[in-house]
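Student: The following block contains the structure, expressed as structure tokens.
2 protein chains.
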Amino acid sequence: MVRTARFTEDDFIEATVALVAEGGPAAATMQAIARRVGAPTGSIYHRFESRAAVLGAAWNAAYASFTAALTPLLQAGRPCEAALAILPWARASERRARFLLLHEPVTLFEDTPPPPPLRAELERLEEGFDAAFRACIAARGDGILRDEDLARAKFLIFDAPIAILRPHLQRGGALPPFAERMIAELHAGMPLT
Amino acid sequence: MVRTARFTEDDFIEATVALVAEGGPAAATMQAIARRVGAPTGSIYHRFESRAAVLGAAWNAAYASFTAALTPLLQAGRPCEAALAILPWARASERRARFLLLHEPVTLFEDTPPPPPLRAELERLEEGFDAAFRACIAARGDGILRDEDLARAKFLIFDAPIAILRPHLQRGGALPPFAERMIAELHAGMPLT
DNA sequence: ACCCATCTAGACAGCACATTCTAAAACGTG
DNA sequence: CACGTTTTAGAATGTGCTGTCTAGATGGGT
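For the protein sequence lines, the chains are D and Y, in the order given.
Numbering of the first sequence is given in this note's numbering, commencing with residue 1089 and proceeding in unit increments.
Numbering of the second sequence is given in this note's numbering, commencing with residue 1089 and proceeding in unit increments.
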């Protein structure tokens, strides 16, 4: 009935992630994405309504992959293992890790925000991740949940491990074995509650 | 002999810092900087050779201010106090903190790197900061300095405190009092060596 | 063999930006 | 009080980008 597509949505997303990971957000122009896929620029607009939509879709995909790796461990009340799970995830997909962990959304979306459907999807993902944090605290906590408790959990499980990885992600080399040790020691010395 | 300048180099640097802090790097166009200062765009080029030079000068100034606040404490072998010193520094100059701590250099300089003199100045600043870290470790260490020790010190004194502040810097509100507590507890639970 | 919705293909228009250019204004010194 | 230098002032230029437009290719269903 119709012509079969030579390029998939994922082709463009993957190229976008790679370009941002290698050269920052400004390196991911529509022409660079197209060139990397081997497609003409116009083809991107058959799948995405704008550049912001491509970046948004790429961000959502990376975020979903990341949270999927941690959420089960959080829900099981294992904060230290969740924090450590970031390492194999980052090692398995270095480009996605660089894309997601090295760039703030404000830098990616400062000019034009992604279209509403993508924003809504990201909000759902963020709420799910947040709920997992709350569940993790509740699993070992005493009842009341203060702002400070949530901030503390996010630091221990998310921000601090990423801070440990960031220098190595930037340099581009392999993640050193002592990263594991530092995360484990952090959790031993500074418990959740 | 010559016409006196109405606008100083610092006027432009300050405007650049403010614009990036408020709207990300892309908000700091030459025209936006000029408009904020109240100058014509051409005047910027009497002081800076390019946009990259303005951003580079702003970055160097912010970095110098930041490291100046921490270096004496590092050299005195007081890592925990150095980490805590980030808080008053960030509170005193919120815009500078947002500019420096919320944006990776790769995002600011991805298109065009700053001119060589500014790059050289930044390298000197970075080397000085690095030396202070080594001095701090040596002040309480046992002799040999491994990669891991330096990475550990930078995490405890620099990256981890910033990770604690980052969510609050992004939101733009005041830095909460429990930030102090978390940093102190981190250093109590996970010593330098 | 034909049809036609969907895709490839790439040129094109419009826009925003960095940088340059021209003209005029200021100012302290001789 | 004129001169030369530096600055203001903002228009003009050139570039590179996003998003659009036209033409043609494709391939399964009939």
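Cβ atoms here follow ideal geometry from the backbone N, Cα and C, with glycine treated the same way.
Note that the structure is predicted; figures quoted are calculated from it, not measured.
Within 10 angstroms of the Cβ of residue 1101(D), are there 16 or more other Cβ atoms? Answer buried if so, exposed if not.
Tutor: For the purposes of this step, residue 1101(D) is taken as the residue at position 13 of the first sequence. Counting Cβ neighbours within 10 Å, residue 1101(D) comes out buried, since at least 16 surround it.
Student: In whole angstroms, what is the alpha-carbon distance linking residue 1126(Y) and residue 1258(D)?
Tutor: Here the question's residue 1126(Y) lines up with position 38 in the second sequence. Here the question's residue 1258(D) lines up with position 170 in the first sequence. Cα to Cα, residue 1126(Y) sits roughly 38 Å from residue 1258(D).
Student: For residue 1113(D), return the contacting residues in chain Y, with the cut-off set at a CB-CB distance below 8 Å.
Tutor: By 1-based counting over the first sequence, the position of residue 1113(D) is 25. Ordered by position in chain Y, the residues that pass the 8 Å Cβ test against residue 1113(D) are 1195, 1198.
Student: What ranges does the alpha helix (DSSP H) occupy inside the region 1100 to 1131 of chain D, keeping only unbroken runs of at least 4 residues that lie completely in it?
Tutor: Fully enclosed alpha helix (DSSP H) runs of 4 or longer: 1118 to 1125.
Student: Looking at the structure shown, is residue 1150(Y) part of a helix, part of a strand, or coil, going by DSSP?
Tutor: Sequence index remark: in the second sequence, residue 1150(Y) carries index 62 (1-based). Residue state, collapsed to three classes: helix.
Student: Contact defined as beta carbons within less than 8 Å: I believe residue 1240(D) pairs with residue 1278(Y). What is the distance between those atoms, to the nearest angstrom?
Tutor: Residue 1240(D) sits at position 152 when you count from the first residue of the first sequence. Residue 1278(Y) sits at position 190 when you count from the first residue of the second sequence. Going by Cβ atoms, the distance from residue 1240(D) to residue 1278(Y) rounds to 14 Å, so no, they are not a contact pair.
Student: Residue 1149(D) to residue 1190(D), Cα distance in whole Å?
Tutor: Here the question's residue 1149(D) lines up with position 61 in the first sequence. Here the question's residue 1190(D) lines up with position 102 in the first sequence. When rounded, the distance between both Cα atoms is 16 Å.
Student: Determine, using beta carbons only, whether residue 1095(D) and residue 1131(D) come nearer to each other than 8 Å.
Tutor: Along the first sequence, one-based indexing puts residue 1095(D) at 7. Along the first sequence, one-based indexing puts residue 1131(D) at 43. Yes; because the gap between Cβ atoms is below 8 Å, this pair is in contact.
Student: Please determine, among 1266(Y), 1226(Y), 1253(Y), the residue with the shortest C-alpha to C-alpha distance to residue 1165(Y).
Tutor: Here residue 1165(Y) refers to the residue found at position 77 of the second sequence. Here the closest residue by C-alpha is 1226(Y).
Student: Could one say the Cβ of residue 1089(Y) lies closer than 8 Å to chain D's Cβ atoms, at least one of them?
Tutor: Taking the second sequence and counting its residues from 1, the one referred to as residue 1089(Y) is at position 1. With 8 Å as the cut-off, residue 1089(Y) does not count as an interface residue toward chain D.
Student: Measure the alpha-carbon distance for residue 1211(D) versus residue 1143(D) and round it to whole angstroms.
Tutor: For this step, residue 1211(D) is matched to residue 123 along the first sequence. For this step, residue 1143(D) is matched to residue 55 along the first sequence. About 15 Å.
Student: Any heavy atom of the ligand GDP closer than 7 Å to the Cβ of residue 1213(D)?
Tutor: Among the components of this structure there are no ligands whatsoever, and the ligand GDP is therefore not found.
Student: Among residues of its own chain, excluding the 5 on either side of residue 1106(Y), which ones have a beta-carbon nearer than 6 Å to its beta-carbon?
Tutor: Numbered from 1 along the second sequence, position 18 holds the residue referred to as residue 1106(Y). Result list for residue 1106(Y): 1183, in chain order.
Student: How do the region 1197 to 1208 of chain Y and the region 1169 to 1183 of chain Y stand: do at least 3 beta-carbon pairs fall below 8 Å, yes or no?
Tutor: No contact exists between the region 1197 to 1208 of chain Y and the region 1169 to 1183 of chain Y.
Student: Contact between the region 1237 to 1255 of chain D and the region 1214 to 1228 of chain D is defined here as three or more beta-carbon pairs at a separation below 8 Å; is this criterion met?
Tutor: Enough Cβ pairs lie closer than 8 Å, so yes.
Student: DSSP three-state call for residue 1133(D): helix, strand or coil?
Tutor: Translated into positions along the first sequence, residue 1133(D) becomes position 45. Three-state DSSP puts residue 1133(D) in coil, outside helix and strand.
Student: Distance cutoff 8 Å, beta carbons only. Does residue 1192(D) sit that close to anything in chain Y?
Tutor: Residue numbering aside, residue 1192(D) sits at position 104 when the first sequence is read from its first letter. Cβ-Cβ to chain Y under 8 Å: yes for residue 1192(D).
Student: Residue 1277(Y) lies in the alpha helix (DSSP H); which residues open and close that run?
Tutor: Against the second sequence, residue 1277(Y) aligns to sequence position 189. 1266 to 1277 is the span of the alpha helix (DSSP H), which, as asked, contains residue 1277(Y).
Student: Span of the alpha helix (DSSP H) holding residue 1250(Y)?
Tutor: Taking the first residue of the second sequence as 1, we reach residue 1250(Y) at position 162. First-last of the alpha helix (DSSP H) with residue 1250(Y): 1248 to 1259.
Student: Using 8 Å as the limit for Cβ to Cβ distance, is residue 1211(Y) near chain D?
Tutor: To locate residue 1211(Y), count along the second sequence from 1; it is residue 123. False, the Cβ-Cβ gap to chain D never drops below 8 Å.
Student: Contact check, residue 1250(D) vs residue 1267(D) under 8 Å by CB: the rounded distance?
Tutor: Along the first sequence, read from residue 1 onward, the residue named residue 1250(D) stands at position 162. Along the first sequence, read from residue 1 onward, the residue named residue 1267(D) stands at position 179. Not a contact, Cβ separation roughly 11 Å.
Student: Take residue 1195(Y) as the anchor and find which of 1114(D), 1098(D), 1280(D) has the nearest alpha-carbon.
Tutor: Walking along the second sequence from the start, residue 1195(Y) turns up at place 107. Nearest option by C-alpha distance: 1114(D).
Student: Indicate the three-state DSSP secondary structure (helix, strand or coil) for residue 1231(Y) in the structure shown.
Tutor: Stepping through the second sequence from its first residue, residue 1231(Y) is reached at position 143. In this structure, residue 1231(Y) counts as coil in the three-state DSSP scheme.
Student: Consult DSSP for residue 1165(D) and reduce its assignment to one of helix, strand or coil.
Tutor: Start at 1 with the first residue of the first sequence, and residue 1165(D) comes out as number 77. Looking at residue 1165(D) - three-state DSSP - the assignment turns out to be coil, as it is neither helix nor strand.
Student: Name, please, each residue of chain Y whose Cβ falls closer than 7 Å to the Cβ of residue 1243(D).
Tutor: Looking up residue 1243(D) in the first sequence gives position 155. Chain Y residues near residue 1243(D): 1251, 1252, 1270.
Student: Quick check: residue 1188(Y) and residue 1151(Y), are their CB atoms within less than 8 Å of each other?
Tutor: In the second sequence, the residue the question calls residue 1188(Y) occupies position 100. In the second sequence, the residue the question calls residue 1151(Y) occupies position 63. Result yes, Cβ atoms of residue 1188(Y) and residue 1151(Y) sit closer than 8 Å.
Student: Which of helix, strand or coil does DSSP assign to residue 1090(D)?
Tutor: On the first sequence, residue 1090(D) is found 2 positions in, with the first residue counted as 1. Here residue 1090(D) sits in coil by DSSP.
Student: Between residue 1169(Y) and the rest of its own chain, which residues show a CB-CB distance below 8 Å, the 5 nearest in sequence each way excluded?
Tutor: The residue given as residue 1169(Y) occupies position 81 in the second sequence. Counting only Cβ-Cβ distances below 8 Å, and skipping sequence neighbours, we find 1161.
Student: Is there a Cβ of chain D sitting closer than 8 Å to that of residue 1135(Y), yes or no?
Tutor: Your numbering for residue 1135(Y) matches position 47 in the second sequence. Output row for residue 1135(Y): interface = no.
Student: With a cut-off of 8 Å, does the C-beta of residue 1288(D) fall near any C-beta of chain Y?
Tutor: Since the first and last residues shown for chain D are 1089 and 1281, residue 1288(D) lies out of range.
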